[in-house]
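A.B. asks:
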Amino acid sequence: MSKRIGVLTSGGDCAGLNATIRAITYHAKETYGWTVIGIHKGTTGLITRPHEYQEMTIEMCDNAMLRSGGTMIGSTNKDDPFCFPNSDGTKTDRSADFIQGYHDLKLDALIGIGGDGSMRILRKLATQGNLNLVTIPKTIDNDLGHTEIAIGYTTALEVATEALDRLQPTAASHQRVMVLEVMGRDAGHIALGAGVAGGADVILIPEIPYKLDQICKKIKSLASMGRNFSLVIVAESVKKENGEAATVSEDGGRPRYGGIGQYLGEKIQKLTGAETRVTALGHVQRGGQPCAWDRIVASAFGVSAVDLIAANKFDRMVAWQHRQVTNVPIADAIERYQAVELNDILVKTAKSMGIYLGEI
Ligand code: F6P
């Protein structure tokens, strides 16, 4: 039976989203002969009148799309349909408009590509409107439960590792301590992975407390062994030593992290006397071409999500487990926040290689 399916990208963008949309479009159209509607600006495209969307064609889904960064249908990490911002600053529950939008476009099912926050909202909408929803995990933070990998994480990891690769020679040339602040929200996956891959001497993640004097001890001991530079990588949500969060503002009730790198840089310079410089990598980790692994995962997830719809299996998230794509209830995926676990192989690896990882 012919179907009309919608696809939307929600939350912070990342590399690999266009590769996912491409795979969905190809498989849905070529294998099943369905119509694919790309909904613009996340959930917003179904709330606004007129609706904002485009019909996806095979011609759009060329090889350039596979390689491109961002999301060609746009995204939002602000316009919560249950608390939708009006132009006068007030907020209104527009969930009914979203549900009506789904019916107006005569959709049989919807694929939502998002992180935990987006999935929570999409699932609430689907439950309220009895909509057929399948989700695909994407987040550079890699903090969704029940999937080993989310789209965007591997590219962010590559970018952060390359940043350390580039900081190392300039650190050595100028005998400096380089502090690199990376994203990751409340999980330390990017910092830990890039720290190991990029040869950091100190890795600080929110899951493990640290002591400033121990960081300085590590830097001084490297100097006493003749090493004239040090590399420190810190996840954005690591707190100051007194437990205070380093934030730049509030965003819809959630903190926007920023500043821990600068804080650490100043302390390290003061306590060790070593000249210190700070780089905050920011959104560079989200933009640009997806790496090979993100393109592979994106393509496999897109195909599997379409197959779930064909099998009439809804309220499920595709997931990567043990070298396979499988699927799990969306509720399970959002229920478990996947931070770095203390028995993680990378925690053991970093510690065993003499990297200072905090008080563990
Ligand atoms: O969740 C993805 C992420 O990039 C986080 O790592 C970061 O804290 C946040 O989004 C930044 O959000 P924004 O794009 O709103 O600044």
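Residue numbering for the sequence shown follows our numbering, beginning at 146 and increasing consecutively.
For every residue, glycine included, the Cβ atom is placed at its ideal position computed from N, Cα and C.
Check the DSSP bridge columns for Lys236 and list the partner residues they point to.
C.D. replies: According to DSSP, Lys236 bridges with Pro230.
A.B. asks: Taking the beta strand (DSSP E) that Pro282 falls in, what are its first and last residues?
C.D. replies: Leu278 to Pro282
A.B. asks: From the DSSP output, which residues share a beta bridge with Gly151?
C.D. replies: Ile182 and Leu255
A.B. asks: Any idea which residues DSSP pairs Trp438 with across the strands?
C.D. replies: The partner list for Trp438 (beta bridge, DSSP) is empty, contrary to what the question assumes.
A.B. asks: Once you ignore the five residues that flank Leu416 on each side, which residues in its own chain have a CB closer than 6 Å to its CB?
C.D. replies: Close CB contacts of Leu416 within its chain, under the 6 Å cut and outside five residues either way in sequence, are with Cys361 (chain order).
A.B. asks: Nearest-angstrom Cα distance between Gly343 and Ser497?
C.D. replies: 16 Å
A.B. asks: Under 7 Å from any heavy atom of the ligand F6P, does the C-beta of Tyr402 make it?
C.D. replies: yes
A.B. asks: Measure from the alpha carbon of Tyr355 to the alpha carbon of each residue in Lys384, Asn488 and Ile364, then state which is nearest.
C.D. replies: Lys384
A.B. asks: Which stretch, first to last residue, makes up the beta strand (DSSP E) that contains Tyr298?
C.D. replies: Per DSSP, Tyr298 belongs to no beta strand (DSSP E); it is in the alpha helix (DSSP H), Tyr298 to His319.
A.B. asks: Taking Cβ to Cβ, would you say Arg440 is nearer than 8 Å to Leu252?
C.D. replies: no
A.B. asks: Output yes or no for whether 8 Å exceeds the beta carbon distance between Ser155 and Gly190.
C.D. replies: One thing to note: Ser155 has its Cβ no nearer than 8 Å to the Cβ of Gly190.
A.B. asks: State the DSSP-derived secondary structure class of Arg212, mapped to helix, strand or coil.
C.D. replies: helix
A.B. asks: Looking only at DSSP bridge pairs, what is Pro195 linked to?
C.D. replies: Its beta-bridge partners do not exist; DSSP assigns none.
A.B. asks: Are Arg330 and Asp396 close, meaning C-beta to C-beta below 8 Å?
C.D. replies: In this structure, Asp396 does not lie closer than 8 Å to Arg330 by Cβ.
A.B. asks: If you follow the beta strand (DSSP E) that Asn472 is in, where does it begin and where does it stop?
C.D. replies: Per DSSP, the continuous beta strand (DSSP E) segment holding Asn472 begins and ends at Gln469 to Pro474.
A.B. asks: So, at 7 Å on beta carbons, what are the nonlocal neighbours of Asn373 in its own chain, with the 5 sequence-adjacent residues on each side left out?
C.D. replies: The residues are Ala317 and Gln320.
A.B. asks: Evaluate Ala456 with the Cβ neighbour count: other Cβ atoms within 10 Å of its Cβ, from every protein chain shown; 16 or more gives buried, anything less gives exposed.
C.D. replies: exposed
A.B. asks: Which partner residues does Tyr501 have in the DSSP bridge list?
C.D. replies: BP columns for Tyr501 point to Val347.
A.B. asks: Using the Cα positions of Glu480 and Leu409, report the straight-line distance between them to the nearest angstrom.
C.D. replies: 33 Å
A.B. asks: Can you give me the start and stop residues for the alpha helix (DSSP H) that Thr424 sits inside?
C.D. replies: First-last for Thr424: Thr421 to Ala425, but that is the beta strand (DSSP E), not the alpha helix (DSSP H).
A.B. asks: Report the CB separation of Thr200 from Thr176 in whole angstroms; it is logged as a contact under 8 Å.
C.D. replies: Looking at the sequence shown, residue 200 is not Thr but Glu. Actually they do not touch by this definition, with Cβ atoms about 18 Å apart.
A.B. asks: For the ligand F6P, any of its heavy atoms closer than 7 Å to the Cβ of Asn506?
C.D. replies: Because the chain in this structure spans residues 146 to 505, residue 506 falls outside the shown range and cannot be described.
A.B. asks: State the beta-bridge partners of Met462 as determined by DSSP.
C.D. replies: Thr280 and Val473
A.B. asks: Using only the heavy atoms of the ligand F6P, determine whether one of them is closer than 7 Å to the beta carbon of Glu326.
C.D. replies: no
A.B. asks: Taking contact to mean 3 or more Cβ pairs, one atom from each stretch, closer than 8 Å, check whether the stretch 336 to 351 and the stretch 462 to 472 are in contact.
C.D. replies: no
A.B. asks: Leaving out five residues on either side along the sequence, give the residues of the same chain with a beta carbon under 7 Å from the beta carbon of Leu502.
C.D. replies: So the list reads Ile348, Ile353, Val492, Ala495 and Lys496, once near-sequence residues are dropped.
A.B. asks: Compute every distance between the C-beta of Thr392 and the non-hydrogen atoms of the ligand F6P, then say whether any falls below 7 Å.
C.D. replies: no
A.B. asks: Would you call Thr300 buried or exposed, if buried means 16 or more other Cβ atoms sit within 10 Å of its Cβ?
C.D. replies: Thr300 should be labelled buried.
A.B. asks: Got a sec? Which residues, its chain only, sit under 6 Å from Gly404 by beta carbon, not counting five neighbours each side?
C.D. replies: Ala391
A.B. asks: In the structure shown, what three-state DSSP assignment does Ala173 receive?
C.D. replies: helix
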